Amino acid sequence: MAKVFLKRKRKKRLEQGHPWIFQSEVDYIEGDFEPGDFVDVYNHQNYFLAKGYINPKSQMIVRVLTQNPNDELNEAFFIERIRKAWAYRERMIPGVRSCRAVYGEADFLPGLIVDKYEDVLVVQILSLGMEKRKDWILKGLLEVFNPKAIYLRNDVYVRELEGLEQEKGFWYGQCDTEVQIEENGVKYIVDIENGQKTGFFFDQRQNRAAIKPLITKDSTVLDCFTHTGSFMLNACLYGAKHVTAVDISEHAIETAKRNAALNGFTNVDFVVANAFDYLREAVQEGKKWDIVIIDPPAFAKSAHAVPKALAGYKDINLNGLKLVKDGGFFVTASCSYHIHPDMFQAMIKEAAFDAKKILRQIHWSGAGYDHPKLLAADEGDYLKFAIYEVHSRR
1 MAKVFLKRKR KKRLEQGHPW IFQSEVDYIE GDFEPGDFVD VYNHQNYFLA
51 KGYINPKSQM IVRVLTQNPN DELNEAFFIE RIRKAWAYRE RMIPGVRSCR
101 AVYGEADFLP GLIVDKYEDV LVVQILSLGM EKRKDWILKG LLEVFNPKAI
151 YLRNDVYVRE LEGLEQEKGF WYGQCDTEVQ IEENGVKYIV DIENGQKTGF
201 FFDQRQNRAA IKPLITKDST VLDCFTHTGS FMLNACLYGA KHVTAVDISE
251 HAIETAKRNA ALNGFTNVDF VVANAFDYLR EAVQEGKKWD IVIIDPPAFA
301 KSAHAVPKAL AGYKDINLNG LKLVKDGGFF VTASCSYHIH PDMFQAMIKE
351 AAFDAKKILR QIHWSGAGYD HPKLLAADEG DYLKFAIYEV HSRR
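What the sequence shown shows, in UniProt numbering, is residues 1 to 394, in sequence order.
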């Protein structure tokens, strides 16, 4: 294998457990290699640090697979990594049938995402190194999960940055592209072909369950950016009197309606609207709910977008807070990695001040058990989720 030598004056991120080596950290490379090949990584003193795969077309020139020099990077290695990833989920979420089964770098398989929907797997291969090991990955998935079908959702722009084409379609077997799953006792219809990401957002599993103590038989709930209705459905499951579900996408609302019907929930008003406008108009009309939930998509796709994104977050959180009855609860989230937790909390404080509200934080968390985070990789710390009790300032 070729050897990659790192610069002396660099941050020791790799030694701390970070899974990426950037172009700017590389001093020189010894030996011949093809893009996607395995390489050994050494520091400037010729001390072994890691093994991974290389792609000189990517800013992340090496993605690390192991820091153990005795590991052989072969088919058996990949299958065992997949097996360990699933064993972890089975331990952390007993009886789980649908979840994120492999989470890339956090499962020491950088560039590979596997979501399990009952007996169907949806896979994203995001890097050249993983693309070149597709046969090994497929064998591992078949051996560990014995799925009915595997669907590829490689229709993501990041593949182009790796020199790969976008694609989607069945990789193994065939099935209906709408799959029914159950999470927290709620049934969902998941569109694995055209749904966002791979069809469902598993990362909020524990957070959806966290709203249970807020709900009483008299609770009214506003769920903005409801998408396919996950928080709405959990609110209904926990006994809410009435829920208003808002999303700008007609397709998402139609799916939310189908999900509500699937679960037998009839106490929901569905609204197709821009949530920014809906919140603003609801404030002007003097509407109030016992619980207001704000779970928007990512507003900041890059560091440059942070100021504008924070203004957007403040807008919806400010108006959302104004709609909470005194003593009620405000549930808010951000999945923008570039909006760091301290920024998010500072924005909430500003929104509360402007809304003349006093907030008591009763819950703070991130992604669920099936989305573990490498401590050394802040990039994995993307989801912020909070529940506040809301009191009017006299």
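Glycine is no exception: its CB is placed at the ideal position from the N, C-alpha and C atoms. For clarity, every value in this text was computed on a predicted model and none was experimentally measured.
DSSP-derived helix/strand/coil call for residue i
{"i": "Val144", "result": "helix"}
{"i": "Ser230", "result": "helix"}
{"i": "Cys175", "result": "coil"}
{"i": "Asp223", "result": "strand"}
{"i": "Lys51", "result": "strand"}
{"i": "Asp203", "result": "helix"}
{"i": "Lys57", "result": "coil"}
{"i": "Gly104", "result": "helix"}
{"i": "His242", "result": "strand"}
{"i": "Leu237", "result": "helix"}
{"i": "His338", "result": "coil"}
{"i": "Glu389", "result": "strand"}
{"i": "Lys212", "result": "helix"}
{"i": "Glu183", "result": "strand"}
{"i": "Lys72", "result": "Contrary to the premise, residue 72 reads as Glu rather than Lys in this sequence. Here Glu72 sits in coil by DSSP."}
{"i": "Phe265", "result": "coil"}
{"i": "Tyr88", "result": "helix"}
{"i": "Ile348", "result": "helix"}
{"i": "Val161", "result": "The identity of residue 161 in the sequence shown is Leu, whereas the question assumes Val. Residue state, collapsed to three classes: helix."}
{"i": "Trp93", "result": "Here residue 93 turns out to be Ile, not Trp, going by the sequence shown. In this structure, Ile93 counts as coil in the three-state DSSP scheme."}
{"i": "Phe78", "result": "helix"}
{"i": "Gly380", "result": "helix"}
{"i": "Phe33", "result": "coil"}
{"i": "Asp354", "result": "helix"}
{"i": "Leu247", "result": "For the record, residue 247 in the displayed sequence is Asp; it is not Leu. Here Asp247 sits in strand by DSSP."}
{"i": "Asp218", "result": "coil"}
{"i": "Leu138", "result": "helix"}
{"i": "Lys257", "result": "helix"}
Nearest-angstrom Cβ-Cβ length linking residue i and residue j, presumed shorter than 8 Å
{"i": "Leu49", "j": "Val26", "result": "Contact doesn't hold; Cβ gap of about 12 Å is too wide."}
{"i": "Lys148", "j": "Gly173", "result": "6 Å"}
{"i": "Asn274", "j": "Ile248", "result": "5 Å"}
{"i": "Asn55", "j": "Leu128", "result": "5 Å"}
{"i": "Asp223", "j": "Ala245", "result": "5 Å"}
{"i": "Ile294", "j": "Phe385", "result": "No, Ile294 and Phe385 are not in contact; Cβ-Cβ is about 11 Å, not under 8 Å."}
{"i": "Asn207", "j": "Ser334", "result": "With a Cβ gap of about 12 Å, Asn207 and Ser334 do not count as contacting."}
Start-to-end residues for the beta strand (DSSP E) that takes in residue i
{"i": "Met130", "result": "Segment 128–131 is the alpha helix (DSSP H) holding Met130; no beta strand (DSSP E) there."}
{"i": "Met60", "result": "60–66"}
{"i": "Gln361", "result": "357–365"}
{"i": "Leu375", "result": "That residue, Leu375, is in no beta strand (DSSP E); it is neither H nor E in DSSP."}
{"i": "Gln124", "result": "120–125"}
{"i": "Asn154", "result": "149–154"}
{"i": "Leu6", "result": "2–6"}
{"i": "Glu30", "result": "26–30"}
{"i": "Lys116", "result": "112–117"}
Beta carbon proximity, residue i to chain D, threshold 9 Å
{"i": "Ser230", "result": "In the structure shown, chain D cannot be found, because there is only a single protein chain."}
First and last residue of the uninterrupted alpha helix (DSSP H) at residue i
{"i": "Ile189", "result": "First-last for Ile189: 186–191, but that is the beta strand (DSSP E), not the alpha helix (DSSP H)."}
{"i": "Val41", "result": "Run containing Val41: none in the alpha helix (DSSP H); it sits in the beta strand (DSSP E), 38–42."}
{"i": "Glu15", "result": "13–16"}
Closer than 8 Å: residue i CB and nearest the ligand COA heavy atom
{"i": "Val283", "result": "The ligand COA is absent from the structure shown, which contains no ligands of any kind."}
Report the residue ranges of all alpha helix (DSSP H) runs contained in full by the segment 274–336; include only those spanning at least 4 residues, in chain order.
275–284, 306–322
Determine contact between the segment 13–29 and the segment 37–51, defined as no fewer than three beta-carbon pairs at a distance below 8 Å.
yes
At a cut of 8 Å, does the segment 256–272 reach the segment 200–210 through at least three beta carbon pairs?
no
Does the structure place the segment 287–298 close enough to the segment 207–222 that three or more beta carbon pairs sit under 8 Å?
yes
If we count Cβ pairs, one from each stretch, closer than 8 Å, do we get three or more for the segment 367–386 versus the segment 87–104?
yes
Counting beta carbon pairs with one atom in the segment 172–189 and one in the segment 102–118, are three or more of them shorter than 8 Å?
yes
Are the segment 72–89 and the segment 355–362 in contact at 8 Å, needing three or more beta carbon pairs?
no
Within the chosen definition, does the segment 76–86 reach the segment 105–116 through at least 3 CB pairs nearer than 8 Å?
yes
Would the segment 336–352 count as touching the segment 299–311 if we require 3 or more Cβ pairs under 8 Å?
yes
Do the segment 312–329 and the segment 345–352 touch if we need at least three Cβ pairs shorter than 8 Å?
yes
Three CB pairs or more closer than 8 Å across the segment 230–239 and the segment 208–216
yes
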